């Protein structure tokens, strides 16, 4: 269901607009700006940063800075994301399949966190309800002596 919505061009344009205005790649650029290529490749990137803010590793582009990469001569790429890459900060790889995959991965991770919190909250409510039922039952028992 979510995959269909992400792959729909109309929906993707809205999502892409949010990603661009959310400055996902601007923060990414400033955070890793002074990194050398070796240090950059050792950094932990979120799925969204890796998919939207830099080209795929199999493109073989030359690193200039986190959001600027130099394409090698007339090379035919097997990965269509390599052709979609653009150094313009408003384009980058926002039209790439890897960006869509990164978004879906982030959603999956976030929903797992929400599910864990919900389960913990449910367990807490069950415990409170059980204690309340026990207290109510004990309070209701016939503690009065009959004459």
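Residue numbers (the working numbering): 3 to 149. Think of the CB as a built atom: it goes at the ideal place given N, C-alpha and C, for glycine as much as any other residue. Just so it is clear, the structure is predicted and the values come from calculations on it, not from any experiment.
Considering only the beta carbon of each residue, do residue i and residue j sit closer than 8 Å?
i, j, result
"residue 42", "residue 65", "yes"
"residue 74", "residue 55", "no"
"residue 60", "residue 76", "no"
"residue 132", "residue 27", "no"
"residue 47", "residue 67", "no"
"residue 50", "residue 140", "no"
"residue 15", "residue 7", "no"
By Cβ distance below 7 Å, which residues in the same chain neighbour residue i in space, the five residues on each side in sequence not counted?
i, result
"residue 100", "53, 58, 83"
"residue 21", "54, 96"
"residue 85", "79"
Per DSSP, residue i is paired with what?
i, result
"residue 131", "DSSP, once it has assigned bridges, lists no residue as partnering residue 131."
"residue 67", "70"
Taking the beta carbon of residue i as the centre, do at least 16 other beta carbons fall within 10 Å, making it buried, or is it exposed?
i, result
"residue 39", "exposed"
"residue 104", "buried"
"residue 117", "exposed"
"residue 137", "exposed"
"residue 124", "exposed"
"residue 135", "exposed"
"residue 94", "buried"
"residue 87", "buried"
"residue 71", "buried"
"residue 63", "buried"
"residue 18", "buried"
Under 8 Å Cβ to Cβ from residue i, same chain only, skipping five residues before and after it: list those, please.
i, result
"residue 9", "102"
"residue 4", "106, 109"
Can you give me the Cβ contacts of residue i inside the same chain, cut-off strictly under 6 Å, excluding the 5 residues immediately before and after it?
i, result
"residue 89", "70"
In chain order, what are the residue ranges of uninterrupted alpha helix (DSSP H) at least 4 long that sit wholly in the segment 16 to 68? 26 to 34, 39 to 44, 49 to 54
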